[in-house]
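Position in the sequence shown counted from 1, then plus 17, gives you the numbering used here. Below is one structure, written out as structure tokens; the observations come after it.
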Amino acid sequence: MKTIISPVVLVLLCCLSSSCHKQELEKTVSPVAGDVLSAFQHMKKYPEQPIQINVKDRTPYSPVSTTADAGKSLDEHKRSDPPNETTVTYVNPVKELINWDAGSYAWEFEANEHVVYSDYEDQIYPGALIKGNSVASFDFNPVIGYTPKPISLSVSLPAPAGLVAGTINVPSLSATTQLVNHVLLNSTFAQGGFSKYNLNIKQFTYYDELKEFFASSKNTNLIFFNSGSSGSTDIKKISRNTGLMAKFIQKNFTVDMDIPKAGQLIDLNVDAGILGAYSPLYVSSVTYGRLGIITVESNASFDELKTAFQKAFGILGVVNSSNTLTQAEINIINGANIKVYLVGGQGAMAVQTMNGYQHFMQYLGGGQTFSPQTPGVPISFSMRYLSDHRPYKAQFQINYGPIAKVYTRIELRNYKTEYATSPFGYQYRVGEYADVHIAFYQDANCTMPTRAYNFVQFNFEQRNRSELNLVPEPPRITEDISNYSIKNELKGTSVLVGAHVRLASYPDYDSEQNYEQFFINFKMLPGEGYYIAK
Numbered sequence: 018m019k020t021i022i023s024p025v026v027l028v029l030l031c032c033l034s035s036s037c038h039k040q041e042l043e044k045t046v047s048p049v050a051g052d053v054l055s056a057f058q059h060m061k062k063y064p065e066q067p068i069q070i071n072v073k074d075r076t077p078y079s080p081v082s083t084t085a086d087a088g089k090s091l092d093e094h095k096r097s098d099p100p101n102e103t104t105v106t107y108v109n110p111v112k113e114l115i116n117w118d119a120g121s122y123a124w125e126f127e128a129n130e131h132v133v134y135s136d137y138e139d140q141i142y143p144g145a146l147i148k149g150n151s152v153a154s155f156d157f158n159p160v161i162g163y164t165p166k167p168i169s170l171s172v173s174l175p176a177p178a179g180l181v182a183g184t185i186n187v188p189s190l191s192a193t194t195q196l197v198n199h200v201l202l203n204s205t206f207a208q209g210g211f212s213k214y215n216l217n218i219k220q221f222t223y224y225d226e227l228k229e230f231f232a233s234s235k236n237t238n239l240i241f242f243n244s245g246s247s248g249s250t251d252i253k254k255i256s257r258n259t260g261l262m263a264k265f266i267q268k269n270f271t272v273d274m275d276i277p278k279a280g281q282l283i284d285l286n287v288d289a290g291i292l293g294a295y296s297p298l299y300v301s302s303v304t305y306g307r308l309g310i311i312t313v314e315s316n317a318s319f320d321e322l323k324t325a326f327q328k329a330f331g332i333l334g335v336v337n338s339s340n341t342l343t344q345a346e347i348n349i350i351n352g353a354n355i356k357v358y359l360v361g362g363q364g365a366m367a368v369q370t371m372n373g374y375q376h377f378m379q380y381l382g383g384g385q386t387f388s389p390q391t392p393g394v395p396i397s398f399s400m401r402y403l404s405d406h407r408p409y410k411a412q413f414q415i416n417y418g419p420i421a422k423v424y425t426r427i428e429l430r431n432y433k434t435e436y437a438t439s440p441f442g443y444q445y446r447v448g449e450y451a452d453v454h455i456a457f458y459q460d461a462n463c464t465m466p467t468r469a470y471n472f473v474q475f476n477f478e479q480r481n482r483s484e485l486n487l488v489p490e491p492p493r494i495t496e497d498i499s500n501y502s503i504k505n506e507l508k509g510t511s512v513l514v515g516a517h518v519r520l521a522s523y524p525d526y527d528s529e530q531n532y533e534q535f536f537i538n539f540k541m542l543p544g545e546g547y548y549i550a551k
């Protein structure tokens, strides 16, 4: 792939000079009066289909561990790991799709922010109108031939109110850059600027899975290997044992467009043929900063790979992490095949192959702050429909499988009996203890342990039985039954229900008539995704 100098950078450099004109920008404090633009509400939206990402021969991973997590970002390989607070992405899980009869497992996602790619970077600025039927293919073809109208913008920088809000008479890339430049040059903030970092690390097997990070249907073979065509069905697979993909986002600031009112954005007398059969979309927000999408292939385990790169990102300042790596971790990075797609900083929207740890750190180092001279470049954007101003969300479906039910049973491990010694010198039993596990197997005879999927909910019963004998009263027996559910959040072929659980408590040596004893029993209950072994 050829090296491309971003036109955004060229425009920024131009606008920093005294020769830049300012007739396109009119600062304003009060918003444009009038009602929300509704003249195009009759236009229908293009009927989009979810972007399919097929990883059929890979073990399924659930992006969430509880129902409450479903509203959070999809970022972490959570079959074995707890949520990472530094992990943020623009792709959110929406719905889990399980069909045990067909042996299929899938997740639906949606993305409301999209990576700026070199193919269309000159078309991405607030107020840009995009053809409705070109978004599904992520071609982002502009609407041309209409009369543009002013739009109201704001910049998310700590500057005086009179600076951060403005009106652009004719929406364009240069006019947006001029507004940003005007705010930066006339504002005072912390030296070197400030940035917000987000990081997302996941395991992957197919390069097609990178569509999730780009939040588009871009052919990742073309991006990372300069091979394949837009219609190619060839999907590249990692050639080593483990694949790690990471995405970091350095957000410097955003330029946000107000929802247009009547008389803004587009002339109401526009020819319907120019707009097309479907509602156009307009770019409503653009994020400036730096973005990197990284792929790593290695023969190390995913946990080892993840730990090494998390520490490396910690040194780079992307996350709070250890600032030192062991020599073994450096060796893992040196031995890995690393490719980086970097937007902003030293990046030229082309994939670079890293030559070991030092090259990786040097290439991603720098650019952590911004200034009027280096404000960053557009790295992501959001859109709204012209018809109803609702946000556009790209739909994805990642198809895993095949999946199969496991056999499961309660197992009591490290079973111990506790004894005490009576005053007469003999021992008597006072209690029994064990670690209670739910174990997973491939076969009904429970001879082949296996790892259960983390999206399966395993149901079990705990029965507490108490026996109280107080002479001359008749014995009193009470039972309490509770039902619980647990998932296989941790690695391994079993999940721990309780450690050192007291399963039985027996009376003292001299309690022949008046005594109390209790017992706890566990058993599996039926559920989806597993069989109960006999």
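Just so it is clear, CB atoms sit at the ideal spot from N, CA and C, and this is done for glycine as well.
Exposed unless 16 or more other CB atoms sit within 10 angstroms - verdict on residue i
i, result
"G290", "exposed"
"T464", "exposed"
"K410", "buried"
"V394", "buried"
"Q66", "exposed"
"T106", "The pLDDT assigned to T106 is 41, lower than 50, so where the model puts this residue is not dependable; a value taken from the coordinates is nonetheless given after this. Counting Cβ neighbours within 10 Å, T106 comes out buried, since at least 16 surround it."
"I355", "buried"
"Q69", "exposed"
"V72", "buried"
"V552", "It is not possible to answer for residue 552, since the shown part of the chain is limited to 18 through 551."
"K148", "buried"
"R401", "buried"
"S502", "exposed"
"G442", "exposed"
"V152", "buried"
"G309", "buried"
"I283", "buried"
Limits of the alpha helix (DSSP H) - the one that residue i falls within
i, result
"A456", "No alpha helix (DSSP H) contains A456, which is instead part of the beta strand (DSSP E) from 444-458."
"A178", "178-181"
"F326", "319-333"
"E346", "344-351"
"L190", "190-202"
"F265", "First-last for F265: 259-274, but that is the beta strand (DSSP E), not the alpha helix (DSSP H)."
"F231", "228-231"
Where the beta strand (DSSP E) containing residue i begins and where it ends
i, result
"A411", "411-417"
"D52", "Taken as a continuous stretch (DSSP letters only), D52 belongs to no beta strand (DSSP E), as it is neither H nor E."
"Q375", "Segment 373-381 is the alpha helix (DSSP H) holding Q375; no beta strand (DSSP E) there."
"V514", "511-522"
"D139", "Premise fails: D139 is in no beta strand (DSSP E) and is neither H nor E."
"G306", "298-315"
"E428", "423-438"
"A128", "121-128"
"G290", "G290 -> not in any beta strand (DSSP E); alpha helix (DSSP H) instead, spanning 289-292."
"E484", "475-486"
"E533", "532-542"
"L282", "Run containing L282: none; DSSP gives neither H nor E here."
"E496", "493-503"
"N354", "354-360"
"V172", "168-172"
Whole-Å CB distance - residue i paired with residue j, under 8 Å assumed
i, j, result
"Q368", "V453", "At residue 368 the sequence reads Val, which differs from the Gln that was named. Not quite, the Cβ-Cβ distance comes to about 50 Å (not below 8 Å), so this is no contact."
"T467", "F475", "The pair is not a contact, with the Cβ atoms about 14 Å apart (cut-off 8 Å)."
"A123", "Q414", "6 Å"
"G448", "Y523", "7 Å"
"G183", "L201", "Not confirmed; about 13 Å, so no contact."
"T304", "S397", "5 Å"
"T259", "S318", "6 Å"
"T193", "P143", "6 Å"
"S399", "I455", "That belief does not hold up - the Cβ atoms of S399 and I455 are roughly 44 Å apart, past 8 Å."
beta-carbon residue i near the ligand HEM non-hydrogen atom, thresh 8 Å
i, result
"I415", "The model depicted lacks the ligand HEM and carries no ligand whatsoever."
Proximal residues to residue i (C-beta, below 6 Å), its chain only, five neighbours per side dropped
i, result
"H406", "I276"
"Q479", "S499, F539"
"A145", "V300"
Beta-carbon contacts of residue i that lie in its chain and below 7 Å, excluding the five residues immediately before and after
i, result
"Q58", "S404, D405"
"G162", "I291"
"D98", "For D98, the predicted model reports a pLDDT of 31, less than 50, meaning its position is unreliable and no value from the coordinates is stated."
"Q40", "Bear in mind that a pLDDT of 37 at Q40, under 50, signals an unreliable position, so the model cannot answer this."
"I255", "T222, E314"
Cβ-based neighbour list, residue i, same chain, cut-off 8 Å, excluding 5 preceding and 5 following
i, result
"F377", "A329, I350, I355, V357, M371"
"V160", "L146, I147, K148, I291, L292, G293, P297"
Determine, using beta-carbon pairs with one atom in the stretch 338-350 and one in the stretch 215-232, whether at least three such pairs fall under 8 Å. no
Count the C-beta pairs between the stretch 319-333 and the stretch 429-444 that are closer than 8 Å, then say yes if the count reaches three, no if not. no
Given 8 Å, three or more beta-carbon pairs between the stretch 127-143 and the stretch 213-220: no
Across the stretch 482-489 and the stretch 532-546, are there enough close Cβ pairs to call them in contact, namely three or more that are closer than 8 Å? yes
Decide yes or no for the touch test of the stretch 113-121 against the stretch 254-270: beta carbon pairs closer than 8 Å, at least 3 of them. no
Pairs of beta-carbons, one from the stretch 345-362 and one from the stretch 159-171, closer than 8 Å: are there three or more? no
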